[in-house]
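In the working numbering, the protein residues as written are 1472 to 1626.
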């Protein structure tokens, strides 16, 4: 694994984790098959994602790019590589605050994620954690996505 996994014990450990840096994760290949599968799952078959020949010919990106929401959805794959919260009854994805897509992800590129625990708030039965995430594209300066990801953990 690229970065160091943070092991956090329970809700009390989360309360003390504000400011922890997370990741980076392993690199993930963004293949045309992955993009096509996402297009099928979401019914988003826009040509800049799935029509390789047209994207190479007409797209300002020089070829097909991954959906922004595909990139964002990978938070679910990357988060377990960055943090392991133990001694909880359950954790759930609670949503998102700010989300931006500063740079396109070319098909054939690679992504990884890094972040930090920005805030921990008490909620009934547990805590809500705000993770600030940045999805990096290998070899590029601008991130593909930056997002505030919210998770709730219950005792």
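Where is the CB? At the ideal position from N, CA and C, for every residue including glycine.
Got a sec, what are the start and stop residues for the beta strand (DSSP E) residue i sits in?
i: residue 1587; result: 1581-1594
i: residue 1603; result: 1597-1608
i: residue 1652; result: A question about residue 1652 goes unanswered here, because the residues of the chain that appear run from 1472 up to 1626.
Would you report the Cα separation of residue i and residue j, rounded to the nearest angstrom?
i: residue 1480; j: residue 1501; result: 33 Å
i: residue 1582; j: residue 1571; result: 16 Å
i: residue 1548; j: residue 1529; result: 32 Å
i: residue 1563; j: residue 1622; result: 6 Å
i: residue 1516; j: residue 1523; result: 12 Å
i: residue 1551; j: residue 1485; result: 15 Å
i: residue 1472; j: residue 1595; result: Here the model assigns residue 1472 a pLDDT of 41, short of 50, so the residue's position is not dependable and the matter cannot be decided.
i: residue 1553; j: residue 1493; result: 5 Å
i: residue 1511; j: residue 1521; result: 10 Å
i: residue 1624; j: residue 1509; result: 28 Å
i: residue 1601; j: residue 1483; result: 15 Å
i: residue 1561; j: residue 1613; result: 34 Å
i: residue 1610; j: residue 1532; result: 15 Å
i: residue 1497; j: residue 1584; result: 8 Å
Give the C-beta separation of residue i and residue j to the nearest angstrom, bearing in mind that I take them to be a contact with Cβ-Cβ under 8 Å.
i: residue 1626; j: residue 1586; result: With 8 Å as the limit, residue 1626 and residue 1586 do not qualify as a contact, their Cβ atoms being about 24 Å apart.
i: residue 1580; j: residue 1608; result: 6 Å
Measure the Cβ-Cβ separation of residue i and residue j and say whether it is below 8 Å.
i: residue 1615; j: residue 1589; result: no
i: residue 1545; j: residue 1476; result: no
i: residue 1534; j: residue 1495; result: no
i: residue 1603; j: residue 1619; result: yes
i: residue 1506; j: residue 1541; result: yes
i: residue 1519; j: residue 1536; result: yes
If you follow the alpha helix (DSSP H) that residue i is part of, which residue opens it and which one closes it?
i: residue 1553; result: 1546-1553
i: residue 1533; result: No alpha helix (DSSP H) contains residue 1533, which DSSP labels as neither H nor E.
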